[in-house]
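Right, one structure below, let's go through it.
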Amino acid sequence: MKLYKRLIGVRPEERVPDDLILTKIDLPSPTELLRVSRLRYLKTLFSAGKVVSWGLFNVDQGWCRLIEDDLTWMHQQLRNSSSLQDPKQHLAQWLDIIQYHPGFWKRLTTRAMKHAAGQRAKLCKVVQTHNELFELMRNHDFSVPTPLRRREPDMRLGTDGLIPPLQAEGPLDEARRRSDFSLVLEELYEDLALIILHSTELRRLEDSLRERITREPLSWTRCLATLCELYNNLEHDAQDL
64 MKLYKRLIGV RPEERVPDDL ILTKIDLPSP TELLRVSRLR YLKTLFSAGK VVSWGLFNVD
124 QGWCRLIEDD LTWMHQQLRN SSSLQDPKQH LAQWLDIIQY HPGFWKRLTT RAMKHAAGQR
184 AKLCKVVQTH NELFELMRNH DFSVPTPLRR REPDMRLGTD GLIPPLQAEG PLDEARRRSD
244 FSLVLEELYE DLALIILHST ELRRLEDSLR ERITREPLSW TRCLATLCEL YNNLEHDAQD
304 L
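My numbering numbers the first residue of the sequence shown as 64 and each following residue consecutively.
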């Protein structure tokens with residue numbers, strides 16, 4: 064991540080969330096790169112056939128758990144766009160692709176990596192939009208909960224908005240984050256509902272927004288259409304988690 068920060072000119076002492084950095088440079092995270100490397104190395108091992116000492120890999124339980132977790136992650140990325148079944152129940156299907164369709168396997172790993180990056184970018188976009196909305200409400204003297212309520216103690220409102228705290232991602236960390244989409248959506252919806260119910264000055268914000276939309280109708284229409292599409296995609300993914 065330090066190299067990624069240097070690519071966008073972030074100073075070492077600046078606290079910028081990893082997801083925001085990855086979204087700006089449009090590159091996979093180090094964890095995702097390791098996952099894809101292990102999955103492609105598995106294809107290389109199968110290509111070598113009997114030359115590989117499979118017994119050594121079988122006794123390495125740590126490596127086996129990593130591969131199992133990588134396959135589960137890959138299935139989560141591709142389950143809505145392919146016929147791949149859960150590797151825990153249908154491992155033979157995966158092994159058949161690895162062993163007899165190595166080129167297709169490589170393309171699948173690339174698709175999984177790009178999908179993960181795309182979902183991360185969508186989530187950052189939604190969170191950023193809500194932060195901008197909350198900031199606009201604060202500028203109009205609305206009472207906005209700070210920090211926003213979170214279900215998990217390790218999620219808090221950072222100095223630059225609603226972001227997770229900085230953490231070093233390990234190879235198995237993403238398994239604990241698989242429900243991030245649903246958690247973020249639930250909390251944002253609840254906070255917005257609370258603001259609307261308890262605010263006595265909603266009319267002022269509504270008039271201000273209507274005035275801005277009137278001045279720039281086309282750009283706001285496009286913005287709202289994009290946000291609606293993002294919401295639909297994220298809600299669809301949250302229901303599958």
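The beta carbon of each residue, even a glycine, is placed where N, CA and C say it ideally should be. Just so we're clear, the structure is a prediction, and the values are computed from it rather than from any experiment.
| Query | Result |
| --- | --- |
| Buried or exposed, going by whether 16 or more other CB atoms sit within 10 Å of the CB of proline 91? | buried |
| Can you grab the Cα-Cα spacing for the pair phenylalanine 167 / histidine 153, in whole Å? | 18 Å |
| Should glutamate 131 be labelled buried (16 or more other beta-carbon atoms within 10 Å of its own) or exposed? | exposed |
| Is it buried or exposed for alanine 175, if we count other Cβ within 10 angstroms and need 16 for buried? | buried |
| Have a look at Asp89, Glu76 and Val73 and flag the residue whose alpha-carbon is nearest the alpha-carbon of lysine 177. | Asp89 |
| Note down, in chain order, each residue of its chain lying with its Cβ closer than 8 Å to the Cβ of proline 216, except the 5 sequence neighbours on either side. | Per-residue confidence for proline 216 stands at a pLDDT of 36, beneath the threshold of 50, marking its modelled position as unreliable; no derived number is given. |
| In this structure, how does DSSP classify histidine 164 when only helix, strand and coil are distinguished? | coil |
| Which residues in the same chain as lysine 169 place their Cβ atom closer than 8 Å to its Cβ, once the five residues preceding and following it in sequence are excluded? | Arg103 and Lys106 |
| Along the chain, where does the alpha helix (DSSP H) that runs through phenylalanine 310 open and close? | What the structure shows of the chain is the stretch from 64 to 304, and residue 310 is not part of that stretch, so it cannot be assessed. |
| Checking 8 Å against the spacing of the C-beta atoms, do phenylalanine 109 and glutamine 182 come in under that value? | no |
| Count the other CB atoms within 10 Å of the CB of valine 190; is the residue buried (16 or more) or exposed (fewer)? | buried |
| Can you give the beta carbon distance from tryptophan 136 to arginine 98, rounded, assuming they're within the 8 Å contact cut? | 6 Å |
| Are alanine 179 and glutamine 140 closer than 8 Å when you measure CB to CB? | yes |
| In angstroms with no decimal places, state the Cα-to-Cα distance between methionine 200 and histidine 138. | 40 Å |
| Please work out which residues of its chain come closer than 7 Å, Cβ to Cβ, to glycine 118, disregarding the five sequence neighbours upstream and downstream, and give them in chain order. | none |
| Put valine 115 into one of helix, strand or coil per three-state DSSP. | coil |
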